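Under UniProt numbering, the first residue of the sequence shown carries the number 1, and numbering increases by one thereafter.
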Amino acid sequence: MNAPQTEEGWQALSVLEVCAAQLRMAQNTVIGLDFNAWRHASEVLDADVSAMSQLFPAIEAGITAAMNSSSNVSTAGN
């Protein structure tokens, strides 16, 4: 389905699993991921920090959109 196709993709998935709870929030809305946590996790996991920095904006956009769309669905039912 959406499995990573490259070594860097697998590294990004590992970093994301570590950083999944490191969200930047404003008024109960996800506005992004914590880049400092992302970069630190990349270093600790021995991932390619340059590649992780390049992939971060796309991953952040996807996570932000998914989290906000799921929160909109859950609040619409109330």
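The beta-carbon is built from N, C-alpha and C at its ideal position, and this holds for glycine as well. Since the model is a prediction, treat every value here as computed from it, not as a measurement.
Less than 9 Å separating the beta-carbons of residue i and residue j?
i, j, result
"L16", "I59", "yes"
"E8", "L55", "yes"
"E12", "A66", "In the sequence as displayed, the identity of residue 12 is Ala instead of Glu. Result no, Cβ atoms of A12 and A66 do not sit closer than 9 Å."
"R39", "M25", "no"
Check residue i in the structure and name its three-state DSSP category.
i, result
"L23", "strand"
"T64", "helix"
"Q11", "helix"
"Q54", "helix"
Hey, is residue i's beta-carbon within less than 9 Å of any beta-carbon in chain C?
i, result
"S50", "In the displayed structure, chain C is absent; only one protein chain is listed."
Could you tell me which residues DSSP pairs with residue i in its beta bridges?
i, result
"L33", "L23"
Figure out for me which residue from the options has the closest Cα to the Cα of residue i.
i, options, result
"S42", "I31, W10, A3", "W10"
"S70", "P4, N28, A3", "N28"
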